[in-house]
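Enquirer: Let me give you the structure first, and then I'll get to my questions.
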Amino acid sequence: MELESIKKIYAAYSNVYDALFKRFFYPRIKRAISDMDIKPGERVLDVGVGTGLSLSVFPKHCKVVGIDLSTEMLGKAKKKITAQKLDNIKVVSMDAMQVGFEDNSFDKVFLSHVVSVVPDPYRVMAEVRRVCRKGGQVVIVNHFKSGNKVIETVEKVINPVCERLGWRSDLCFNEFISNSGLMLNKKFMLNKLDFWHIVFATNQK
Amino acid sequence: MAVDKELLEILVCPKCKGTIRLTKKKDGLACEKCRLVYPIKDDIPVMLIDEAIKMPSDKENTV
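Residue numbers (the working numbering), protein chains in the order written: chain G, 89 to 293; chain F, 201 to 263.
Below, the structure is given as structure tokens:
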């Protein structure tokens, strides 16, 4: 899917995003960020921050920069930042495939429900690895193709629907990790039938 | 409200990854090398190459 189409989809989503997705996405986001063990003063990049569902979960003692392609979504995130007085969080409109940060700017990078919605996930991961310091933590919340035959059948049926919504549901985990050049630390799901994985990895350089 | 100073220190041009500077009016971030200005809208830097504004080529540092 092209960037312009993605922008249009998320501009349209921005008004209903929280209502639609908070229930589905928030529990996973909360668990992942809590497990990140963010230390005081650490700098964290939230790729695909959207309307800022994740922002209230980050500890106040770290510095967070959220990026998203959609300026409409970021407008909503900015309102949350102001309303909740989250002075440690800044947002920037950016394409995750062409990131405008210095090398090694971040200690940790969080990508929630992003990898499947970008035109080239490996270009995103190359940028993530560039801006994350050596030995830094990369945390990915995403759907990967299941090894479970029942879920695989469901995936085949819903894949065309997902593609229309801007999601890809056929990404293979092992291929993704090895092509991304990350060192896997742990991978788990909130429950056995969850559609999304929470992945913790280390940035090797 | 201006763009956060600490954020400015780590921002680079998304195209060439080179240094950027705040424009004189503080309404954008300019990359001299690419001759592009990334606008700041509602205090949010828009670091998207396709939304950047081309700098006039004959005028140095006028933006």
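Don't be surprised by glycine CBs; every beta carbon is placed ideally from N, CA and C.
Would you kindly work out how many angstroms separate the C-alpha atoms of Ile155(G) and Val242(G), rounded to a whole number?
Expert: Going by the C-alpha atoms only, they are around 32 Å apart.
Enquirer: Should Asp195(G) be labelled buried (16 or more other beta-carbon atoms within 10 Å of its own) or exposed?
Expert: That one is buried.
Enquirer: Nearest chain G C-beta to Val237(F) closer than 8 Å, yes or no?
Expert: No - not a single Cβ of chain G is within 8 Å of the one on Val237(F).
Enquirer: Would you call the CB atoms of Val219(G) and Leu143(G) closer than 8 Å?
Expert: No, Cβ-Cβ distance for Val219(G) and Leu143(G) is not below 8 Å.
Enquirer: At a CB distance below 7 Å, what residues from the region 153 to 174 of chain G approach chain F? Give them in sequence order.
Expert: Within the region 153 to 174 of chain G, the qualifying residues are Val153, Thr159, Leu162, Gly163 and Lys166.
Enquirer: Between Thr306(F) and the rest of its own chain, which residues show a CB-CB distance below 6 Å, the 5 nearest in sequence each way excluded?
Expert: Lying outside 201 to 263, the shown extent of chain F, residue 306(F) is not represented and no answer is given.
Enquirer: Quick one: does the C-beta of Lys127(G) sit closer than 7 Å to a heavy atom of the ligand GDP?
Expert: No copy of the ligand GDP occurs in the structure displayed, which carries no ligand at all.
Enquirer: Mind checking which residues open and close the beta strand (DSSP E) that includes Lys241(F)?
Expert: Start and end: Leu236 to Lys241.
Enquirer: In whole angstroms, what separates the C-alpha of Pro214(F) from that of Lys118(G)?
Expert: Each residue's alpha carbon lies about 30 Å from the other.
Enquirer: Assign Met247(F) to one of two classes, buried (16 or more other C-beta atoms within 10 Å of its C-beta) or exposed (fewer than that).
Expert: Met247(F) is buried by the Cβ-count criterion.
Enquirer: Secondary structure at Ile169(G), three-state DSSP: helix, strand or coil?
Expert: It is helical.
Enquirer: Pick from Arg217(G), Val229(G) and Phe109(G): whose alpha carbon is nearest that of Lys275(G)?
Expert: Nearest of Arg217(G), Val229(G) and Phe109(G) to Lys275(G), Cα basis: Val229(G).
Enquirer: Quick one: is Gln172(G) buried, meaning 16 or more other Cβ sit within 10 Å of its Cβ, or exposed?
Expert: By the 10 Å Cβ count, Gln172(G) comes out exposed.
Enquirer: Suppose you measure from the CA of Glu130(G) to the CA of Pro147(G); what does that come to, to the nearest Å?
Expert: Distance between the alpha carbons of Glu130(G) and Pro147(G): 10 Å.
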